[in-house]
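Residue numbers (the numbering used here): 46 to 298.
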């Protein structure tokens, strides 16, 4: 039996992937929320990690003992570091961490994604006629909200996309001998700023500052609505991808 673990940071991403699993069940395992589904040949779990390296590592450690996992998949949204479109599918060859001090156990060398599973993911994306962004993905410690910072990170790491969790998930998988790959969808383009510094909403001591910025600047609302629409597109592409991916996996088994 294949035991497939799909890791997603936020409820938005978790629910998007969950739409590809009819009649699945949501429960908590060791304090971690997951959605499980099984048939005669496969067990699939979509795990909500929370944002960031530390949360992703904790979620991996919580679910690792529960099954003899066949593959770890890091999924959800990604920011583009090169020209691309909202909803483009990200399937990188490598993952690197922007700052290994963010989590001491993350290696400095790139994490290589499984060639076998990447090929399967490419076939899935091509069957749905989605553009694919490959190359290298870099995991960062904070939300990168300015276009100039995206450009700098892309150049520094020769990367095409970024996220906040994949390096932790890939490190756990590599150390446990589990194949690993990444499937994400672009939710913000390289050349655009986010409407404001969304890191303000990640900490209790700065949440009010972020809320005040939104409340007192009408232009922030339109920017947040734009971002919401872009995430809706990225969510739909993730759901579409996994519907086809699991169908193709079933046919191949």
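Cβ coordinates follow ideal geometry from the N, Cα and C atoms, glycine included.
- DSSP, reduced to helix, strand and coil, places residue 188 outside both helices and strands of the structure shown, so it counts as coil.
- Rounded to the nearest angstrom, the gap between the Cα atoms of residue 63 and residue 89 is 10 Å.
- For the set 58, 46, 72 and 50, the Cα lying nearest the Cα of residue 231 is the one of 58.
- DSSP, read as helix, strand or coil, puts residue 142 in strand.
- Cβ atoms of residue 81 and residue 49 stay farther apart than 8 Å, at about 10 Å.
- With a beta-carbon spacing of about 5 Å, residue 126 and residue 195 fall inside the 8 Å limit used to define contacts.
- Each of 97, 175, 73 and 72 was checked against the Cα of residue 289, and the nearest Cα belongs to 175.
- For secondary structure counted as the alpha helix (DSSP H) over 4 or more consecutive residues, the region 53-79 holds these complete runs in sequence order: 56-63.
- Residue pairing for residue 47: DSSP places it in a beta bridge opposite 87.
- DSSP lists 53 as the beta-bridge partner residues of residue 93.
- Contact between residue 238 and residue 191 is confirmed by a C-beta separation of about 5 Å, below the 8 Å threshold.
- Annotation: residue 168 to residue 135 spans about 13 Å, alpha carbon to alpha carbon.
- Per the C-alpha coordinates, the member of 186, 170 and 266 positioned closest to residue 285 is 170.
- DSSP places residue 264 in the helix class (H, G or I) of the three-state scheme.
- A residue is called buried when at least 16 other Cβ atoms come within 10 angstroms of its Cβ; residue 119 meets this threshold and is buried.
- Boundaries of the alpha helix (DSSP H) around residue 211: 211-221.
- Sixteen is the threshold: when 16 or more other Cβ atoms of the shown chains lie within 10 Å of the Cβ of residue 93, as they do, the residue is buried.
- Residue 233 is bridged by DSSP to 124.
- Following the DSSP letters along the chain, one finds residue 207 inside the beta strand (DSSP E) bounded by residues 206-208.
- Between the alpha carbons of residue 179 and residue 70 lies a distance of about 32 Å.
- Non-local C-beta neighbours of residue 104 in its own chain, meaning closer than 8 Å and more than five positions away in sequence, comprise 52, 77, 92, 93, 94 and 95, ordered along the chain.
- Note that the C-beta distance between residue 207 and residue 123 is below 8 Å.
- By the Cβ-count criterion, residue 46 is exposed, with fewer than 16 other Cβ atoms from all chains shown falling within 10 Å of its own Cβ.
- Rounded to the nearest angstrom, the Cβ distance from residue 75 to residue 101 is 15 Å, too far for a contact under 8 Å.
- Exposed is the label assigned to residue 267, since fewer than 16 other Cβ atoms lie within 10 Å of its Cβ.
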